[in-house]
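Enquirer: This structure is in structure tokens; I'll ask about it shortly.
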Amino acid sequence: MTTEPHDLVILAAGIVTAYATRNPVAVPDIAELIGTVHNALQEAADGKAAAVPAEPALVPAVPIRKSITGTHIICLENGLKFRSLKRHLLTYYGLTPDAYRAKWGLPADYPMVAPDYAAERSKLAKSTGLGRKKVEPPPPPPPPEPEPAPKPRRGRPPKVATA
Numbered sequence: 001m002t003t004e005p006h007d008l009v010i011l012a013a014g015i016v017t018a019y020a021t022r023n024p025v026a027v028p029d030i031a032e033l034i035g036t037v038h039n040a041l042q043e044a045a046d047g048k049a050a051a052v053p054a055e056p057a058l059v060p061a062v063p064i065r066k067s068i069t070g071t072h073i074i075c076l077e078n079g080l081k082f083r084s085l086k087r088h089l090l091t092y093y094g095l096t097p098d099a100y101r102a103k104w105g106l107p108a109d110y111p112m113v114a115p116d117y118a119a120e121r122s123k124l125a126k127s128t129g130l131g132r133k134k135v136e137p138p139p140p141p142p143p144p145e146p147e148p149a150p151k152p153r154r155g156r157p158p159k160v161a162t163a
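For what it's worth, the UniProt record's numbering labels the leading residue of the sequence shown as 1, then goes sequentially.
Structure follows, in structure tokens:
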């Protein structure tokens, strides 16, 4: 794609005008801004890739090995201590546990809850009966078969002697 130099100047002026109407720009800086935009347009027209700044390497707030203690788990984003990290990550960083693990290169079994807290909750759950199959009471015994009633006697009942 070939673009006339005159067209690039017009494009650069339009871009700078649009930028300057929405952002405060000092008068002496306008010429430098036009030159920067013109150079970027020229590089794009020549097919040169614009230099994209590389993302800085992620540096955790604490070493990963020290992020898990018995009573707390430390957030690698900001270094704060938590007993449970899941809600903090979703609220402040919009990260799910899997996304957090992927971002920091953590193994899939990296805990989101402090080990002592997990053991405490496990003990509480087991004491209330969670995690066990429901024990069915034995079926009630079948009702006993009633004994047949005695056969009635034939004839008239005997007279009772009166005194």
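No residue lacks a Cβ here, since even glycine has one placed at the ideal position from N, Cα and C.
Contact between the stretch 65-83 and the stretch 104-119: three or more CB pairs below 8 Å?
Expert: Touching, per the Cβ criterion.
Enquirer: So, are the CB atoms of Glu10 and Val37 less than 7 Å apart?
Expert: Within the sequence shown, residue 10 is the residue found at index 10, counting from 1. Within the sequence shown, residue 37 is the residue found at index 37, counting from 1. Note that residue 10 is Ile in the sequence shown here, rather than Glu. Contact: no.
Enquirer: Would you mind reading off the limits of the alpha helix (DSSP H) that contains Ile30?
Expert: As a position in the sequence shown, residue 30 is number 30, starting the count at 1. Counting along the chain, the alpha helix (DSSP H) containing Ile30 begins and ends at Val27 to Asp46.
Enquirer: How would you call Leu130, buried or exposed, if buried means at least 16 neighbouring beta carbons within 10 angstroms?
Expert: Counted from its first residue, the sequence shown places residue 130 at position 130. By the neighbour-count rule (16 or more Cβ atoms within 10 Å), Leu130 is not buried but exposed.
Enquirer: Between the Cα of Ala44 and those of Ala12, Tyr110, Ala20 and Thr128, spot the shortest distance and give me the residue it belongs to.
Expert: As a first step, residue 44 is located in the sequence shown; it is residue number 44 there, counting from the start. It is Ala12.
Enquirer: What three-state label does DSSP hand Val59 in the structure shown?
Expert: The residue you call residue 59 lines up with position 59 of the sequence shown. Correct three-state label for Val59: coil.
Enquirer: Please state whether DSSP places Val123 in a helix, a strand or coil.
Expert: Locating residue 123 in the sequence shown gives position 123, where the first residue counts as 1. Per the sequence shown, the amino acid found at residue 123 is Lys instead of Val. Correct three-state label for Lys123: helix.
Enquirer: Specify, as a first and last residue, the run of the alpha helix (DSSP H) that Arg101 falls within.
Expert: For the purposes of this step, residue 101 is identified with residue 101 of the sequence shown, where counting begins at 1. Unbroken alpha helix (DSSP H) run through Arg101: Pro97 to Trp104.
Enquirer: By how many angstroms is the C-alpha of Pro141 removed from the C-alpha of Val160?
Expert: The residue given as residue 160 occupies position 160 in the sequence shown. The residue given as residue 141 occupies position 141 in the sequence shown. Val160 and Pro141: Cα-Cα distance of roughly 45 Å.
Enquirer: Can you name, in chain order, every residue of its own chain whose Cβ lies under 8 Å from the Cβ of Pro146, other than the five neighbours on each side?
Expert: Here the question's residue 146 lines up with position 146 in the sequence shown. Correct list: empty, nothing qualifies.
Enquirer: Among His72, Leu58 and Pro150, which residue has its Cα nearest to the Cα of Ala102?
Expert: As a first step, residue 102 is located in the sequence shown; it is residue number 102 there, counting from the start. Selected option, being the one with the closest Cα: Leu58.
Enquirer: Please name the residue, chosen from Leu76, Leu124 and His88, that lies closest to residue 236 on a Cα-to-Cα basis.
Expert: Look at the range of the chain in this structure, 1 to 163, and you will see that residue 236 is not part of it.
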